[in-house]
Ligand SMILES: Cc1ncc(C[n+]2csc(CCOP(=O)(O)OP(=O)(O)O)c2C)c(N)n1
Ligand SMILES: [Mg+2]
């Protein structure tokens, strides 16, 4: 049976809390720097910032192991950092440097790292979902084929974490993919980052049913809405969903209610959102919520905060220096990697 | 054996040789495929390796991409040519470009089998020739078999290669029989072949039209004309060397396909041959193709598809220059 539940609240271990705070700040400050570098035209192409949504990536990725796979969107800088791709390699990619994780080919929307099982951002809305289904089918095949995954007592499988926005839920590929995953009981966790807008189009102007979890639930997929500004709530819901998926319960869906504080991309004048609405969401900044809680618990003071900020600033400065020193791929190399270099039989 | 049986045997051999090979598609398993190409494979290799999918073309190709990222060699069956378009996004924006986008980190050995072309009394969506869309897309390899021997060999080569292959099967030739020698030395996948040597006019075709052109050459021979027929086999990359070699001796080229002419393979071939062999040409490159209309109702099929008369007429026009 499918149930739609509010996420339970966990109890905050302060050690973990400080790590989460650091991770959220790494994403926030890194992206603030990227915005600056973008306006200096050091970064070109597109740039979609995650600022405001950090608790979603941090809370959900906490539940993953290095053997799990990740598929994300063009707004994937946070997931890439958390997956362990070095910040300097990500920034070099944004700069279009050969030192980037895709030799500068992918840019900000297409970060890949196969060895970390980070199977990419994607510039096509919803196109990552069917790919996540395939990755999960591969997991199931490796655990012994159909019927095996989900056997009683069958535990500990790798899962595929699939991120996408509220806008993607309107695409056919969402529906094909959730159906396939549920039909085949695949180990996918669908993490819907509902930031209330698909570019300039508000949720209610895109969706006849604005509770997106209900859509997933119609495929017999357990689906919950979660407060995506509260990293603790996100982490406990994700832990629960990922554990169930890992133990053969089939796909799960979390709708993470969040908000992007900045425009859709660096090109977007952001004229479609009410200032009051933005302020209301900013008042629930996921970083402040967590920092306040840590301070209340006595785990964080001004000096502690400064220490984290200083560490993050140093990491960013090193990343900028690395990217600045990098070189673009040569034009002559642009014909490489269209097909395999060994050729075809 | 028939081309259907040859494809079936080729798929069986590929699955037997490599446990990473899987088949996914609509009704490929229990039913054995609308055209029976996958008949018996699910019973032999199991439901996990021959997977019946719902009607989700985009889901099928996307799933194959994910499988390939983790080391599998999926073979997708698209039931009919016209049903590939719901998967276009995954094929063109993902499958074709992921290796490039990841600077070679991702290898996607996915074969997409598509029964294509007309001639079976079917209708729009079931008789189309979508090859140019895919040949236009860097990162996809596109091949078309014309006979059972090639079908048997080429499907295995496509699966064994490390790149995505759009594998076009001429459905009107599915039931034509020819011997298949499983032990014969194979030509490379991306090599055109002289199907019939000739000295007066060069005729180039692929897939379903190769048979038609060979029939035309037989008729022409009775009229004292010698046509060279070249089976392209590979549409991307093109292998025009045998065409150029032949044109350098005949001076005349007719290109034949079922697809409409506008921005088609024949347009590309005409351009390349003109660039490479301009001074050998005694006549402009002529084309015999489908018309630039949507595929017509089946009662008009004979008027739409290139046939002996239209091919021989083009040959005559070429010779009259
Ligand atoms: C198939 C497709 N259609 C349109 C676009 C243009 N586009 C890029 S992002 C976007 C909004 C997507 O919204 P959502 O899925 O909610 O993700 P968010 O940007 O809010 O994170 C659109 C329309 C696209 N990239 N791909
Ligand atoms: Mg959104």
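Protein chains in written order, with our numbering: chain S, 1 to 345; chain U, 1001 to 1321.
For every residue, glycine included, the Cβ atom is placed at its ideal position computed from N, Cα and C.
Computed from a predicted structure; not experimentally measured.
Three-way DSSP call (helix, strand, coil) for residue i in this model
i	result
residue 225(S)	strand
residue 160(S)	strand
residue 195(S)	coil
residue 1051(U)	strand
residue 39(S)	helix
residue 253(S)	strand
residue 101(S)	coil
residue 329(S)	coil
residue 1231(U)	strand
residue 1259(U)	strand
residue 1185(U)	coil
residue 1113(U)	strand
residue 129(S)	helix
residue 18(S)	helix
residue 1177(U)	strand
residue 149(S)	Confidence at residue 149(S) is low in this model, with a pLDDT of 48, below 50, so the placement of that residue is unreliable and no value is reported for it.
residue 1026(U)	coil
residue 1009(U)	helix
residue 1138(U)	coil
Selection from the options that minimises the alpha carbon distance to residue i
i	options	result
residue 1269(U)	1234(U), 1016(U), 1011(U)	1234(U)
residue 169(S)	200(S), 183(S), 51(S), 129(S)	129(S)
residue 1210(U)	1272(U), 1144(U), 1261(U), 1223(U)	1144(U)
residue 263(S)	50(S), 26(S), 19(S), 22(S)	50(S)
residue 1072(U)	1294(U), 1023(U), 1225(U), 1169(U)	1023(U)
residue 22(S)	224(S), 290(S), 317(S)	290(S)
residue 1079(U)	1038(U), 1014(U), 1320(U)	1038(U)
residue 260(S)	193(S), 187(S), 162(S)	193(S)
residue 156(S)	142(S), 162(S), 199(S), 214(S)	142(S)
residue 1157(U)	1090(U), 1013(U), 1121(U), 1222(U)	1013(U)
residue 42(S)	87(S), 176(S), 331(S), 97(S)	97(S)
residue 1048(U)	1015(U), 1036(U), 1127(U), 1069(U)	1015(U)
residue 60(S)	276(S), 40(S), 229(S)	229(S)
residue 1195(U)	1188(U), 1189(U), 1206(U)	1206(U)
residue 1125(U)	1167(U), 1185(U), 1084(U)	1084(U)
Residue i Cβ short of 7 Å to ligand 1 heavy atom set
i	result
residue 1278(U)	no
residue 356(S)	Missing from the structure shown is residue 356(S); chain S here goes from 1 to 345 and no further.
residue 261(S)	no
residue 164(S)	yes
residue 378(S)	Limits of chain S in this structure are 1 at one end and 345 at the other, which puts residue 378(S) out of reach.
residue 264(S)	yes
residue 48(S)	yes
residue 125(S)	yes
residue 258(S)	no
residue 73(S)	yes
Integer Cβ distance of residue i from residue j, believed to fall under 8 Å
i	j	result
residue 1254(U)	residue 1286(U)	5 Å
residue 134(S)	residue 1032(U)	Going by Cβ atoms, the distance from residue 134(S) to residue 1032(U) rounds to 23 Å, so no, they are not a contact pair.
residue 1058(U)	residue 1096(U)	No, residue 1058(U) and residue 1096(U) are not in contact; Cβ-Cβ is about 14 Å, not under 8 Å.
residue 226(S)	residue 217(S)	No, residue 226(S) and residue 217(S) are not in contact; Cβ-Cβ is about 14 Å, not under 8 Å.
residue 1204(U)	residue 1318(U)	Wrong, their Cβ atoms sit about 12 Å apart, outside the cutoff.
residue 140(S)	residue 186(S)	6 Å
residue 294(S)	residue 17(S)	5 Å
residue 1227(U)	residue 1198(U)	4 Å
CB of residue i within 8 Å of CB of residue j, strictly
i	j	result
residue 1229(U)	residue 1217(U)	yes
residue 239(S)	residue 252(S)	no
residue 1277(U)	residue 1252(U)	no
residue 1138(U)	residue 1265(U)	no
residue 1141(U)	residue 1109(U)	no
residue 1002(U)	residue 1177(U)	yes
residue 164(S)	residue 202(S)	no
residue 1305(U)	residue 1215(U)	no
residue 112(S)	residue 102(S)	yes
residue 179(S)	residue 1054(U)	yes
residue 105(S)	residue 1100(U)	yes
residue 118(S)	residue 162(S)	no
residue 108(S)	residue 174(S)	no
residue 181(S)	residue 136(S)	yes
residue 55(S)	residue 234(S)	yes
residue 1208(U)	residue 1117(U)	yes
Cβ-heavy atom distance, residue i to ligand 2, below 7 Å
i	result
residue 122(S)	no
residue 211(S)	no
residue 195(S)	yes
Residue i Cβ short of 7 Å to ligand 3 heavy atom set
i	result
residue 1244(U)	Ligand 3 is not among the ligands present in this structure, which contains only ligand 1 and ligand 2.
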